[in-house]
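Below you'll find the structure, written out as structure tokens, and then a few comments.
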Amino acid sequence: MDYRPQDIERKWRKYWEDHATYKVSNDNDRPKYYVLDMFPYPSGAGLHVGHPLGYIASDIIARYKRLQGYNVLHPMGFDAFGLPAEQYAIRIGVHPEVSTAANVKTYRKQLDNLGFSYDWSRQINTSDPKYYKWTQTIFLKLFGHYYNKKTDKAETIDSLIQIFEKEGNQHVHAESTEETIFSAQDWNSYDAKEKDDILMNYRLAYRKIGFVNWCEELGTVLANDEVKDGRSERGNHPVIKRPMMQWALRITAYAERLLNGLDQVEFSEALKTQQRNWIGRSEGARIFFDIEDNDAKIEIFTTRPDTIFGATFVVLAPEHELVVQLTSTKYQNDVDAYISYATNRSERERMADKRVTGQFIGAYAINPITKKKLPIYISDYVLIGYGTGAIMAVPSDDERDNKFAKKFGIEIIDVVDLSAFEDAKIGDKRGVMINSDFINGMKVPQAIDRMLEEVEKRGIGQRKVNYRLRDANFSRQRYWGEPFPVKYDMDGVSHPEKNLPLELPELNNFKPTKDGKPPLARAEEWVNSSQGFTRELDTMPGYAGSSWYFLRYMDPSNEEEPFSQNAVNYWQDVDLYLGGAEHAVGHLMYSRFWHKFMHDLGIVPTEEPYKKLVNQGMIQGIIEDVYMLKEKQEGKTVFVSADKIGTYQEDQYTQIHTHIDFVEDYGSEHSYMNEKGIQQFKEWIPEYENAIFDTNDQGHLVTHSEVGKMSKSKYNVINPDHVIEEHGTDCFRMYEMFLGPLEQSKPWDTKGITGVSKFLRKFWNLYFGVDGSPVVTDVDPTPKELKILHTAIKKVNLALDTFAFNVAVAEFMVATRDLAKEKCTKRAILEPLVILIAPFAPHIAEEIWVNALGKEASIHHVTFPKHDEKYLVVSTHTYPIQLGKKVRAKVDFPAEASKDEIEQAIRNSPDLDSWLQGKQLIKVIVVPKRLVNLVAK
RNA sequence: GCUCGAGUGGUGGAAUUGGUAGACACGCAGGACUUAAAAUCCUGUGGGCAGUAAUGCCCGUGCGGGUUCGAUUCCCGCCUCGAGCACCA
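The numbering of the first sequence is this note's numbering, which starts it at 1389 and goes up by one.
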């Protein structure tokens, strides 16, 4: 019987489903192991070959751990709220719920084809009211808590209110937006709205003014990605920054804990660095600068208080609240112009732009130490969202300040002498202070300390730890997201909705309203729910549902609570989390934050959600382009074969993407569209029906190929279904793993898949004869066979522990080749071998287990083999004898030979002279079990 | 501009983290089987030079230095590519 993957794979998948082979119980004596994949957003394009890479790897680990005796939780679900479904609804009119359900079905079918060992009874969907009921619940918990810095944890708003009622806020030490002090008497005299406003300063979920990219023409809010040069990418309409009251999460309260938590998790150093940089902790001081002829003060933040003697100007962010008040009439117009220029540019653009721009506002600040007059500028290199939105500029010790000073002709005073520090650069916190009065001669670190003392002594500022992390904007002006369980009374006071889930109202138009309100405003009955209450119109962002989903898998159908304490106390946390590096900061930061919050609430036992995290690389595709002339000929579009494009000037043509399915030999230099491909291309874009195709002599339109992201918009998505159909799931799984290291990006290419396909056949042939009957015998194995087996066991175990799946696959090939050479049919060898491969190729393993070895299903519940060193010992070792880096000879020595014995043998060897080639021997270096190196002159 | 990665045959990639560079696979070449092709199997395959040949010599892990008996691996300086970014005071 030949190996026919399609037949056996279908058969075993059905068996596993019927027997609930992968069902996981929360009630088990075995140690737990939780393997989690980042769940996909089910887009209309379906799963492509890039998705399964991580899923296959995690499935292999899940199966491996199961075979090692762990109770393995390995679930999958869908991150089903999101913009594409909503845009599809606006364009085509299909309700997001309908298109999402259809996409989920497709994804599920495709995932099933990959032979994963998910416990599908635990599947979740973030857009299901049964799920988002709990997302809303957790949101209300954030709304109902504040961060107490004294106890360093979240505590209830009710307890805060009690304090306010008794003693005001003067002894409260909490994370808050504003720091106005009030007494108990003040508090008790406030009306409901005033109290609500004050509490918003403390709540972990709170409302504040945020800026959105508003496009009047499109009547909608745009994402940063959709804005280019202050205009919408679609349609090129103007985009302005528009203030809007929005929900935000006070993640900054957890900055320190998010930072410290990184020390206890196993993430790659690169990823930890990224998160640390994102949090951006810096120690420094806030210092107040007086203003000439004005009572206001400018609060600046600096990490270099030592350089204050070199501060020669002050820069405010264009959005800074004092700008309006301080600008003199003479500069009013210039300042207004600059503000409108700066504020309507995205932060992305502001950052990429290297030009130095700014505007003097006609006012002066007073340096609190030197008492000198400093001109005040606004510039977009100072960001309103960081620090205090104002800096003291020290052009001698800061690169950007320096450029700015040069451009605007501002005085530069050297305050740090670097002459004694050769490799020190500007801003390095090294050097000796000069021109700085009482700190002259001090080294920088010492000078910083001294100045901090002085600042506090003089009462002009305090030490402060600053974070670059900002509170997370939690509002979206969209339909397809979790509704906020919040309503407002006639005074605008916010009230939590008690009756959860608060379901999305039915709509058939998902556009914003004409007056710019979010789509939910269209559901008038829903919005104006009961006596005078109106509902929140925004919905939650995509990361709401994904911030806690891993906890729901532990107890997915619980209707009383998000998850039971029993479940979470058993499963604890995620042992291995696998997903793309694009979520390295956002998602991970938010879910770590939510987790810590829930830990404060006492509903999760661990401080960190993910013990170990591995990022998989991206699978790249091939982008195929055709050349199109910009000028039409006789009203017809002209496409020119790539091998003939050289006759045109570069500005005469442009490249447009074609679908890779139309291209022969795609990815190669000679890739082309033949007659059929051109025909498909015409049908695909009907406006080119009458286009001229300037082909080469063979009638081919040669295309341009390059490696790039696999994406629907580049028409290069490769769907795994066809590959699986042709070669089988086991082959596909092993091939994806064989491509290279998991973490590395690589282009998709099926050229090599025949190698894996051939291997599986060879592997099959170890167990089945040409007539299809099993050939396994009970004869005792030879030492050689045992060595092959145990080498494989050792290497595969090591590879699995280090996520070197490609190496493991290679090892299977080696072992199979060697055993085939030995014509090995011994059960003692072949039985462990098939268990070894089971995590990688689960179907063929099960088939062999049952039909060649006569065992009972399932192989996926047996025990993974461990190697025994005794089969690996060798009696002799061949040592290369090197002179310099050249191998002169090879000599065998007994494996147990000592360094000295080998050295003596070498020194006494009659061949020594010939190895040395007339040189003088100085030293013999023996590395046991490796090599011998002769050092000679 | 800043941060973090990565550069090894024609290609994807190995190398026990300082010890024989190129495992395994693709591709290519030659051969076997076949009327032929496909499929399958076997052999060879980093580059250069010399030799009928076995073989020998030289070069070789992006480039230039350094440390070391020995460097793909460690250090310094460059180049190229990729990813991320919120000009972080």
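Positions of the beta carbon are idealized from the N, C-alpha and C atoms, including for glycine.
query, result
"When 1948, 1750 and 1775 are compared against residue 1717, the one with the closest alpha-carbon", "1750"
"Residue 1663 burial status per 10 Å Cβ neighbour count (16 or more: buried)", "buried"
"Residue 1928: first and last residue of the uninterrupted alpha helix (DSSP H) it sits in", "Looking at the DSSP string, residue 1928 is not in any alpha helix (DSSP H), and its letter there is neither H nor E."
"Close beta carbons around residue 2125, own chain, < 8 Å, minus the five adjacent residues each side", "1444, 1445, 1448, 2193, 2194, 2196, 2197 and 2228"
"Stretch pair the stretch 1473-1488 + the stretch 1415-1425: three plus CB contacts closer than 8 Å", "no"
"Proximity of residue 2365 and residue 1997 at Cβ, strictly below 8 Å", "The chain is shown from 1389 up to 2325; residue 2365 falls before or after that span and cannot be answered."
"Residues that residue 1533 bridges to, as DSSP identifies them", "1544"
"Opening and closing residue of the beta strand (DSSP E) in which residue 1634 lies", "1628-1637"
"Three-pair Cβ contact test at 8 Å for the stretch 1821-1831 versus the stretch 1793-1809", "yes"
"CB of residue 1941 within 8 Å of CB of residue 1978, strictly", "no"
"Residues that residue 2083 bridges to, as DSSP identifies them", "Per DSSP, none; premise fails for residue 2083."
"Host beta strand (DSSP E) of residue 2106 (start-end)", "Here residue 2106 belongs to no beta strand (DSSP E), and DSSP marks it neither H nor E."
"Outcome for residue 1950 when other beta-carbon atoms lying within 10 angstroms are tallied against a minimum of 16", "buried"
"Whole alpha helix (DSSP H) elements within the stretch 2169-2245, 4-residue minimum", "2171-2189, 2193-2209, 2215-2225 and 2230-2239"
"Every unbroken beta strand (DSSP E) within the stretch 1634-1672, with a cutoff of 3 residues, ordered by chain", "none"
"Residue 1979, DSSP secondary structure in three states", "helix"
"DSSP-derived helix/strand/coil call for residue 1854", "strand"
"Three-state secondary structure assigned by DSSP to residue 1611", "coil"
"When 1943, 1798, 1963 and 1962 are compared against residue 1954, the one with the closest alpha-carbon", "1943"
"Buried or exposed (CB count within 10 angstroms, at least 16 for buried), residue 2260", "exposed"
"For residue 1406, the nearest candidate out of 2245, 2151 and 2173 (CA to CA)", "2245"
"Same chain, Cβ closer than 7 Å to residue 2252, neighbours up to 5 away in sequence not counted", "1452, 1455, 1456 and 2223"
"Own chain residues within Cβ distance below 7 Å of residue 1901, not counting five before or after", "1909 and 1910"
"Contact check, residue 1864 vs residue 1907, beta carbons under 8 Å", "no"
"Identified DSSP bridge partners for residue 2280", "2266"
"C-beta atoms of residue 1551 and residue 1534 nearer than 8 Å", "no"
"Simplified DSSP state of residue 2315, which is helix, strand or coil", "strand"
"Through-space distance from residue 1727 to residue 1631, alpha-carbon basis", "15 Å"
"Which listed residue (1904, 2291, 1438 and 1582) has its alpha carbon closest to that of residue 1602", "1904"
"Residue 1694 burial status per 10 Å Cβ neighbour count (16 or more: buried)", "buried"
"Any 3 or more C-beta pairs closer than 8 Å across the stretch 1745-1761 and the stretch 1695-1711", "yes"
"Between the CA atoms of residue 2267 and residue 2279 - distance to the nearest angstrom", "5 Å"
"Test item: CB-CB of residue 2309 and residue 2319 under 8 Å", "no"
"C-beta atoms of residue 2287 and residue 2314 nearer than 8 Å", "yes"
"Residue 1894 burial status per 10 Å Cβ neighbour count (16 or more: buried)", "exposed"
"In DSSP terms, what residue 2322 is bridged to", "2271 and 2312"
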